[in-house]
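Start counting the sequence shown at 254; every next residue gets the next number (our numbering).
Backbone N, C-alpha and C define an ideal beta-carbon position, used for all residues, glycine too.
One structure is given here, and the rest of the page talks about it.
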Amino acid sequence: MKAIILAAGKGERLRPLTDDRPKVVLKIANKPIISYVLENLDPFVDEFIIVVKYMKEKVIDLLGDEFRGKPITYVEQGEEEGTAAAVYSVKEFIESNEEFFVVNGDLYFEPDAVKGLLHVFKKEKGDAGIVVKEFENLSQYGMVEVENGKVKGIIEKPGNVKGYANLGIYIFKSDVFDYIENTEISERGEYEITDTINLMIKDGKSVVYYNYEGFWSDIGRPWDLLEVNEYILKTKLKHEIRGVVEEGATIIPPVEIGEGTIVRAGSYIIGPVKIGKNCRIGPNCYIRPYTSIGDNCHIGNAVEVKNSIIMDNSNAPHLNYVGDSIIGENTNLGAGTITANLRHDKGTIKVEVKGKLEDSGRRKLGAIIGHNVKVGINVTIYPGRKIGSNSFIGPGVIVDKNIPQNVLVTV
Ligand code: TTP
C-alpha cells in the first residue's frame with residue numbers, strides 16, 4: 254500500500270523556525286518531524302509519495318529517493334491550496350480502485366494509529382477511513398461526528414466542546430479524486446479534505462473511524478515542538494554515552510550523548526536529555542530534563558538549559574539561562590543572555606501567531622529564536638517572544654516584542 258504524505262504547507266504558525274525551511278524538516282529530539290512520520294508508517298506501506306511545495310528542495314535533500322529500501326516519489330502541489338488540493342496532486346500515481354493512506358506530514362503519532370485504522374477499514378469494508386481521538390476541548394480541531402460506528406460528518410473548529418478530533422491520518426480509495434473535483438473552496442480559501450469527506454458521506458459512502466488512544470500531536474505552533482520533544486525523551490530515550498565524559502561530570506540517566514561530544518568536569522546533566530555529535534558541554538553547566546541539543550553545539554561555563562530544544566551548530570557559551578525555549582540552527586547567544594520563561598503574575602504565556610495573540614496554555618515558555626541569529630551580551634528575552642532568522646540583537650537589548658527576520662536591533 255502507498256502512503257501519501259502531505260508536506261507542502263508553509264508552516265506560517267511556526268515562524269520564525271520555518272523562515273527558511275518547511276516545518277517537516279525541523280528536528281525534534283534531533284530527528285526531523287517527517288522522519289518520524291515515515292518510520293511510523295513504514296510497517297504498513299511499501300511506497301511513499303510526498304507532496305511538497307514550500308522550499309521543497311529541503312525535503313528532497315533530507316530524505317533522498319528511498320526510506321529503508323522503499324521508494325519515495327515527490328510530487329509538487331499545484332496552484333490550488335489546501336489538503337484536498339494536495340491529495341489531488343497525486344492522482345496520476347494511483348491506480349483505479351487502489352487503496353492508500355494519506356497522512357499530514359507534520360504529525361507525531363505511534364504506529365498503532367495506522368495499524369488500528371487499517372484493521373477497522375478492512376474489517377468494516379469502508380470506502381474511506383479516518384483516525385480520531387477524544388479530546389475535552391475541540392476548539393483547535395476538526396470534530397468528527399459518529400453514529401452507528403460510522404462517521405456522520407466533520408465540523409471544523411466547533412468550539413469548546415468534548416468529542417472526537419480528526420487526527421489527519423486517513424485511508425482513501427481512488428474514487429476520492431472524483432469527490433475532490435466537486436469540493437468547493439472553503440472560507441479560508443483552501444480546498445479541504447474534510448469537505449471532501451463530508452461530500453462522500455452525503456453521497457452514501459461508508460467512512461469508518463479508528464479511535465486511537467495513544468500520544469498524538471499536530472505540530473502547528475512553536476510550543477508543540479516542546480510538547481513532542483518531552484514525549485519522545487520521556488518514552489523513547491535510551492541511556493547511551495558515545496562521547497567522552499570527563500571525571501567530575503555528573504550524568505543522571507537516561508542521557509544520550511553522541512560521538513565526538515565531550516562533557517567537561519563540573520557539568521551536571523539530569524536526563525532525559527539528548528545531546529548530538531561533536532558538542533562541547535561544560536565545564537560547569539547544568540542541563541535539566543527534556544532538553545535536546547543538536548550536533549556541533551557548545552553549552553559552556555555557568556549555563557543552565559531546561560526543557561528546551563537547541564538545534565544544530567548553536568551555542569549558549571557563557572553565563573546563559575535557556576528555559577522552555579527553542580533555538581534554531583547556527584544561532585549564538587552572547588554572554589549573559591537570559592530567556593525569561595515565567596510571568597510574574599504566573600499567568601499562561603501568550604504568543605503572537607500569524608499576527609494574532611494566542612494563549613499557549615503554558616505557564617512556562619521562553620524564547621523562540623530562528624536560524625542564524627546573533628544575540629549580543631546581556632540580552633534579556635521576555636517569555637514567548639520570537640526572534641526572526643538572520644537577525645542581530647545588539648548588547649543589552651531587552652526583547653519585549655517580537656523581532657522580524659533579517660534586522661539589526663540595538664538599544
Ligand atoms: P496545516 O498545518 O493546516 O498548514 P501549514 O502546514 O501550511 O501550516 P500553517 O497553517 O502554519 O501555515 O497543514 C496540515 C498538513 O497538510 C501539513 O502537513 C501540511 C499539509 N498541507 C499541504 O500539503 N498542502 C497545503 O496546501 C496545506 C494547506 C497543507
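Rounded to a whole number of angstroms, what is the C-alpha to C-alpha distance between residue i and residue j?
i	j	result
PRO324	ASN293	16 Å
GLU265	VAL652	21 Å
TYR462	PHE374	8 Å
VAL558	VAL355	38 Å
ILE433	VAL662	47 Å
VAL385	ALA337	19 Å
GLU483	ARG441	33 Å
LEU371	LYS489	25 Å
ILE640	LYS607	14 Å
VAL414	THR601	21 Å
TYR680	ASN419	A question about residue 680 goes unanswered here, because the residues of the chain that appear run from 254 up to 664.
GLY317	GLU310	10 Å
GLY682	ASN594	Beyond the ends of the chain as shown, which are 254 and 664, falls residue 682; an answer cannot be given.
Please return the same chain residues whose Cβ sits closer than 6 Å to the Cβ of residue i, not counting the five positions on each side in sequence.
i	result
GLY589	LEU572, ILE630 and ASN631
PRO570	HIS551 and GLY553
ASP477	SER470
TYR539	TYR521 and GLU557
Please say whether residue j and residue i have beta carbons closer to each other than 8 Å?
i	j	result
GLY666	ALA366	Since the first residue shown for the chain is 254 and the last is 664, residue 666 is missing from the structure and cannot be characterised.
LYS255	VAL298	yes
ILE534	THR514	yes
GLY576	GLY619	yes
ILE510	ILE523	no
ILE287	THR326	no
VAL340	ILE257	yes
GLU605	ASN655	yes
PRO536	VAL526	no
ILE562	ILE579	yes
Just mark residue i as buried or exposed, buried being the case when its beta carbon has 16 or more other beta carbons within 10 Å.
i	result
ARG517	buried
SER349	exposed
SER392	exposed
PRO296	exposed
ILE505	exposed
ASP314	exposed
ARG321	exposed
LYS617	buried
GLU445	buried
GLY457	exposed
ASN435	exposed
Within a Cβ cutoff of 8 Å, which residues of the same chain sit near residue i, ignoring the five residues on either side of it in sequence?
i	result
VAL460	GLY379, ASP380, ALA381, GLY382, ILE383, LYS403, VAL404, ILE450, MET453 and ILE454
GLY581	PRO269, LEU270, MET564, SER567, ILE622, GLY623, HIS624, ASN625, VAL626 and SER642
MET308	ASP273, ARG274 and PRO275
Is residue i helix, strand or coil when you go by DSSP?
i	result
ASN293	helix
ASN643	coil
GLY262	coil
HIS372	helix
TYR484	helix
GLU334	coil
LYS491	coil
VAL298	coil
LEU618	coil
ALA282	coil
PHE430	helix
GLU557	strand
So, at 7 Å on beta carbons, what are the nonlocal neighbours of residue i in its own chain, with the 5 sequence-adjacent residues on each side left out?
i	result
ASP289	The sequence shown places Tyr at residue 289, not Asp. Excluding residues within five positions, the ones whose Cβ falls inside 7 Å are TYR361.
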